[in-house]
Amino acid sequence: MKTKLTSVIVLITSFVLHSQPTISKEPLSPRIANYRMNVRLIPSTKTVEGTEILTWHNTSQDTIKELQFHMYMNAFKNTKSTFYKEGGHRFRGGSDKEKKDIDWGWVKILEMKDDAGNNLTGRMKYIQPDDDNVYDQTVLSVRLIEPVLPDSVIKLEINFKTKLPKAVARSGFVRDYFFVAQWFPKIGVYEVPGQRYATKAGWNCHQYHANTEFYADFGNYDVTITLPKEYIVGATGMEKETKLNTDGTKTVNYYAEDVVDFAWTASKRYRIFNDEWKHVKIKAMIQPEHTDFADRIITSVKYALEYFEKHVGIYPYTTVTIVDPPYYASAVGGMEYPTFFTTFTMWGVPENIRFIESTTVHEFGHNYFMGILATNEFEEAWMDEGFNTYLETRVMDHYYGEKTAAIDFYGFHAGDFELMRSGYTNMKNPKIAPSAIPAWKFPYDYSSLTYSKIATWMTMLERLVGRETMDEIMKTYYNRWKFKHPCATDFISIVNEVVHKNHGTKFGKNMNWFFDQVLYGTGVLDYKLRSIKNVKVKKAKGIFDNPTDTLDNNKINKDSTWYKSSVYVERLGEIQMPVEILVHFANGSEKLERWDGKGRFKIFKYEKPHKILWAKLDPANKLTMEINLKNNSLNTKPRTSVVWKYASKVLFWLENMMLGASMIF
Amino acid sequence: MTAIKSYFNGLKIALNSKRMTLLLYVLLLIFSFTVLIPFFGVLKKEIGYSMSVYSLLKDFDYTAYTDFLQHSGKAIKPFVSIGIWLSVFYVFFGVFLSGGIIHTIYNKENKFSLKEFFSGCGNYILPFLRITLFSFFLQLIAAMLIYIPLMAYLDSLRETAESEIALVYTFSGGAALHLVLAVIIMLITDYAKILLVVNESRKAFVSLWLSFKFLFRYFFRVIFLYLLLLIFPVLFLIGYFYFSESYSVVSKSTFLIVTGAQQLFILFRIWFKIWFTGGEIFLLTETLGIEKQTETNEEWDVHALEITEEEIEIDPDEL
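Taken in sequence, the protein lines are chains A and D. For the first sequence, the residue numbers in our numbering are 1 to 665. For the second sequence, the residue numbers in our numbering are 1001 to 1319.
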């Protein structure tokens, strides 16, 4: 009876939740920027046009005379945009190939009026706050006729037209496939003093660069799209209504609450797979040739939902849509939008090669890092990419194996974290730049420094403070900063607070020393086990004034030996971390030494009847940022078995290569 | 059927060629050791007293492997180039050896003689080299004829194909066609060498022409023998693959087992080569009715041909 009642309650709750876009009837966010749009997709001209009603809330104490908008689509307008000049068109499946006119993209405001009916169209101008590139039109400034008073709302009616580019950098069309992202005039974020690093109020509205992503306020989106009826549509939020029109089109209405963005897709070829996980409706939109992957994709999303709920916080939305773009539109793959994201697949990929799963888990994770914890992706790209990558490696390694999560293919295998870590440790120059710089300022290796390096040091932090403390840090961060715009100092404060609460002063007064090095610094972590010495102690001989000067001789009788041994450890890198050293003696005993890692060297000395056989730095693999594992251990009796094993492999493959080559001719 | 007869005769020849097999294996080993010995020394030095690679003993460890390559790759990389160049050199050495192999098998010496073997090697090296070079150019042309238009077609197909499956199948089809062409050129090369020895000739291009004729006149027989000869090696490869998946090097005994199995595999590869050659020689001599040094088939005798290498005429009737 009790079980039946529980089931009924769960059923009713699910039903109720499934009819609303979030788990709460109350607003989850400040809902500063709310959009109601009514647009039409014209496939033949690759354009989207319509009306946007923007309701924007001035939460500052300032009287706002100017609004700033992101006009992201203008990055694809011509080769003089900042995006193109920085080489962005080569990323994500792009190329230098000659473009036809139809391949370019842009967005244009045809008319803008405020709620008093004032026409603001003539009061718009493009600005370039980052690089003074006068040809870049990705930031639009609008001088208001009637300013927006503190704590007031302005309503704007914006008629706009967007020409979609041939799929480049996350958005566009290819043939009759459409992925529509960053497609509408999107208002920037007006930061108030004390919000993030703002000391005074002002617009935080950057241009669209090759390496940058996005930053926007939370709000509700009510979007109505009219398009030919053959098209299957997917979008952020939940589908509220679909209406067939008499002219061969249909009109779909999507609604999302408390999100920072809205994207959508339309194609005639999608196959839809539906599933559920607790309060979440899962929808996978798969290409016909990839339907075999639907199960893998949905399973990995469920894993991610379960893991994030347990270790970070509850997923607050009731929908998640995964889009599998066709191979010819791969430029839109692997990208996130609230409750809606694209993954990567390829026909024929076997189950033990898991980039499908890792991409799906990663893009899902962005719902948390950047979707709910809405960091500024321009200025602190690492806060969403790095954090999310860290969680991705945890999810993948937990469900698919620490040594096999990424790939497990006929003897060659690697875990997700292993792969990610090597992206940092194998950099040609890991000192090139700190991670905590604006995304457009990276000289190169943007992804190594924002994804891999961050995930690596976050794992190191976790191993230093313990998994439980790390989970508490993430949960506190999530609960305190969800639906807000946190920055680095906000996260670091939480780390300091939780670590102090759980560990006292074990790691010092606070953890600032950690972040100063790994986040704000460019140094590398490299400790070296320089030498092991074992010196046999001989009986002291000669004339001694004091009988006690030869007391040591008592230790050494004719049947025993005595050794003075030492282990010499050096710090070669700039980063200083507490280090553990495991020393193993000939009789099997071991000693775990600890060093604060601050000086340039440390010597551990012993006087024992047994020699030191081997010693190993960081035996528990806590120092994941260590760039050279080869110099972390020494064995006085080295084993050559690995040499023999690989020499015999090399012999075998060399013989095969020679025989194979000689067979052909 | 002649092909089946040739298959079993080839096997008989291979079973009676243990000494030759061993000689070829030892020569291969000597070649390999010229790289392996310094490689062993470098690897040992690079690992030194570090324990970081011990985890690679039982199983593959991505972290240990990539970290080692990151720091010792510079020392190891030159051996990759050396290995490639050695293989190129071995191609020419293989040409040298094939003269001895064919000579020994065809002359059906009861007792294997090193002197006879190397005499055969030396005797045919130049014409065999000419055949090999010609074969190399043929292979290059075949590859270009397939892949250049294939890539251009794939480029245009990418604009219209609904899914990547079309691209994969198209490329696979092209690659399969290339494989067929490559095998045919390889067989022409093989039979051209055999014809040179059978006819005791040094006319490489005439031999190639006769080989081409032979292949296309008795196409199905030749291909059938080739496919028959492939069965055992393929089964053996599958068997070795399953063995290698089941065993890893964790101790001295497993090291010896695994290394022993690897070298046995190489020995068998060489032995299969002799089986192949024996089978091909038998097929050719049986088909053309040629007995060793007693009869000649004038149609297929290089010396009987009045045309020179520069004046090869194609008689459609003969085809």
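Backbone N, C-alpha and C define an ideal beta-carbon position, used for all residues, glycine too.
Interface residues of chain A around residue i at Cβ under 7 Å?
i	result
residue 1164 of chain D	327, 346, 347
residue 1071 of chain D	628, 630
residue 1047 of chain D	642, 643
residue 1066 of chain D	422, 426
What in chain A is Cβ-close to residue i, meaning under 9 Å?
i	result
residue 1044 of chain D	638, 640, 643, 647
residue 1393 of chain D	Outside the displayed range of chain D (1001 to 1319) lies residue 1393 of chain D, so it cannot be described from this structure.
residue 1054 of chain D	633, 635, 639, 641, 642
residue 1094 of chain D	658, 659, 661, 662, 663, 665
residue 1062 of chain D	403, 406, 407, 412, 413, 414, 415, 418, 419, 422
Name, please, each residue of chain D whose Cβ falls closer than 7 Å to the Cβ of residue i.
i	result
residue 657 of chain A	1083, 1087
residue 398 of chain A	Going along chain D, no residue has its Cβ under 7 Å from residue 398 of chain A, so there is no contact; the nearest lies around 18 Å.
residue 650 of chain A	1036, 1039
Spatial neighbours of residue i within its chain, please: CB distance less than 7 Å, with the 5 preceding and 5 following residues excluded, ordered by chain position.
i	result
residue 568 of chain A	530, 531, 601, 603
residue 1265 of chain D	1240
residue 1193 of chain D	1098, 1102, 1128, 1131
residue 1293 of chain D	The predicted position of residue 1293 of chain D is uncertain, since its pLDDT is 48 and thus under 50; no value can be drawn from it.
residue 1143 of chain D	1178
residue 663 of chain A	none
residue 1018 of chain D	none
residue 1007 of chain D	1225, 1228, 1229, 1279
Along chain A, which residues have their Cβ under 8 Å away from the Cβ of residue i?
i	result
residue 1158 of chain D	328
Might you give, ordered along the chain, the residues of its own chain that have their beta carbon closer than 6 Å to the beta carbon of residue i, omitting 5 neighbours on each side?
i	result
residue 1267 of chain D	1025
residue 212 of chain A	378, 439, 440
residue 1296 of chain D	Reliability of the predicted coordinates at residue 1296 of chain D is poor, the pLDDT of 49 falling under 50, and no value is obtained from them.
residue 1223 of chain D	none
residue 29 of chain A	218, 258, 483
residue 364 of chain A	301, 304
residue 1106 of chain D	1197, 1281
residue 625 of chain A	456, 457, 460, 525
residue 647 of chain A	none
Run down chain D in chain order and give the residues with a C-beta less than 9 Å from the C-beta of residue i.
i	result
residue 456 of chain A	None at all; the shortest Cβ gap to chain D is about 12 Å.
Would you kindly check if the distance between the Cβ of residue j and the Cβ of residue i is under 9 Å?
i	j	result
residue 392 of chain A	residue 358 of chain A	yes
residue 219 of chain A	residue 372 of chain A	no
residue 227 of chain A	residue 243 of chain A	no
residue 732 of chain A	residue 283 of chain A	A query on residue 732 of chain A cannot be resolved here, the shown segment of chain A reaching from 1 to 665 and no further.
residue 39 of chain A	residue 73 of chain A	no
residue 36 of chain A	residue 64 of chain A	no
residue 431 of chain A	residue 414 of chain A	no
residue 477 of chain A	residue 494 of chain A	yes
residue 1255 of chain D	residue 641 of chain A	yes
residue 1065 of chain D	residue 636 of chain A	no
residue 114 of chain A	residue 145 of chain A	yes
residue 290 of chain A	residue 83 of chain A	no
residue 645 of chain A	residue 1015 of chain D	no
residue 154 of chain A	residue 41 of chain A	no
residue 666 of chain A	residue 332 of chain A	The requested residue 666 of chain A does not occur in the structure, where chain A is confined to residues 1 to 665.
residue 356 of chain A	residue 340 of chain A	no
residue 1087 of chain D	residue 665 of chain A	no
residue 366 of chain A	residue 23 of chain A	no
Among residues of its own chain, excluding the 5 on either side of residue i, which ones have a beta-carbon nearer than 8 Å to its beta-carbon?
i	result
residue 112 of chain A	119, 120, 121, 124, 142, 156, 157, 158, 159
Which residues, in order along the segment 1267-1278 of chain D, keep a beta-carbon less than 8 Å from a beta-carbon of chain A? 1269, 1270, 1273
With 7 Å as the limit, tell me which residues of the segment 601-620 of chain A have their beta carbon closer than that to any beta carbon of chain D; keep them in chain order. 614, 616
At least three beta-carbon pairs within less than 8 Å, the segment 199-218 of chain A to the segment 36-49 of chain A: No: the two stretches stay apart, fewer than three of their Cβ pairs being nearer than 8 Å.
Cβ-based contacts, 8 Å cut-off: residues of the segment 421-445 of chain A near chain D: 421, 422, 425, 426
Cβ pair count under 8 Å reaching 3, the segment 445-462 of chain A against the segment 413-422 of chain A: Because the criterion of three Cβ pairs below 8 Å is met, the segment 445-462 of chain A and the segment 413-422 of chain A touch.
Interfacial residues, the segment 570-584 of chain A to chain D, with Cβ spacing under 9 Å: none
Please name the residues in the segment 1190-1206 of chain D whose beta-carbon is closer than 7 Å to at least one beta-carbon of chain A, in chain order. The segment 1190-1206 of chain D vs chain A, Cβ under 7 Å: nothing.
For the segment 571-591 of chain A and the segment 617-627 of chain A, state whether three or more C-beta atom pairs, one from each stretch, are separated by less than 8 Å. yes
May I ask you to list, following chain order, the residues of the segment 404-419 of chain A that have a beta carbon less than 8 Å from some beta carbon of chain D? Under the 8 Å Cβ criterion, the segment 404-419 of chain A contributes 410, 411, 412, 413, 414, 415, 418, 419.
At a Cβ cut of 8 Å, what residues of the segment 1122-1138 of chain D count as close to chain A, listed as they run along the chain? 1132, 1135, 1136
Is the segment 1109-1126 of chain D in contact with the segment 1206-1214 of chain D, if contact means three or more CB pairs nearer than 8 Å? Taking 8 Å as the limit for Cβ pairs, the verdict is that the segment 1206-1214 of chain D does not touch the segment 1109-1126 of chain D.
Hey, is the segment 253-269 of chain A in contact with the segment 229-240 of chain A, meaning 3+ C-beta pairs nearer than 8 Å? yes
Please list, in chain order, the residues of the segment 288-301 of chain A that have any C-beta partner in chain D closer than 9 Å. 288, 289, 290
Which of the residues in the segment 1168-1185 of chain D, read from start to end, lie with their CB under 8 Å from any CB of chain A? 1168, 1182
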